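Have a look at the structure below before the remarks.
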Amino acid sequence: MSAVDLCSILDVNYKTALLLENKCRILMSLSNSDKLLNSPFYEADVFNIGAKSKNKAGRASEQQPILGILSTDKENNYPRFIKLRVITDYTGLSLKKNIEKCCVLSHDALLNTDGEKGFNTLNEEIQVKNEKISYEEKDHRLLWLNMIIGNIKNNITGIYHGITKREMPLFLNEQEYRFNHRKMGKTIMDKIKKYLQRSFPISHRQIVYILNISAPHFS
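The numbering of the sequence shown is this note's numbering, which starts it at 32 and goes up by one.
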């Protein structure tokens, strides 16, 4: 929920609600960083979030590029977990570096992508099926990832509306955590307890400082 809604529920002011939400997102990031994706099948694509610049579209706009990586049990079926990474550009070096940080790669595994040339830099580490996709087809190769990305974009723009590039990693941490814990059920409270025990005091000023010094690396 938005910080505005949380204000009403907890009967606190906006700054307090926003601070609480950001602390939760930091805990989510600790959980997200614990494990790499490890699967025989992956899907990867780059998408953009944010307001489009006037008279500009796609990569020429000021939207934030995001790399989404999905692990599945079978090719194009049974989604497992997702990783969301803010990236600086679409170059092969950037895509390769981020995928290596997120996934266990092997020559027996398969990476499905949409024809973006930068993904070919991973050919020596994993089988890459990198061909242009017609997204109008009923069962295209990135169907699951495409649906999940659509939901994530709707959540971020529909619930939170305006998000700066500086804040984007925190909101992506939340979306990644929510998807990867979708099947936890009642045991989710045990998981939350685990990360609360690992938590540490942090002020609003410290959060802003961290976001400010890290912003140049992803915006």
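Glycine included, every Cβ here is placed at the ideal spot set by N, Cα and C.
As the structure is a prediction and not an experimental result, all values here were calculated from the model.
| query | result |
| --- | --- |
| Distance between beta carbons of T103 and S70, contact taken as under 8 Å | 6 Å |
| Separation of N182 from S33, as counted between CA atoms | 16 Å |
| Three-pair Cβ contact test at 8 Å for the segment 157-167 versus the segment 129-141 | yes |
| CB-CB length for I118 against L68, believed under 8 Å | Rounded, the Cβ-Cβ distance is 16 Å, inconsistent with contact. |
| C-alpha gap between Y121 and D36, whole angstroms | 36 Å |
| C-beta contact flag for L242 and E205 at 8 Å | no |
| Residue from T218, I80 and K114 whose Cα sits closest to the Cα of H192 | I80 |
| Coil, strand or helix - F78 by DSSP | strand |
| Burial state of D76 (16 or more Cβ within 10 Å) | buried |
| Integer Cβ distance of R116 from L141, believed to fall under 8 Å | With a Cβ gap of about 20 Å, R116 and L141 do not count as contacting. |
| Alpha helix (DSSP H) runs wholly inside the segment 116-143, at least 4 long, in chain order | 123-133 |
| Pairwise C-alpha distance: S125 and L176 | 20 Å |
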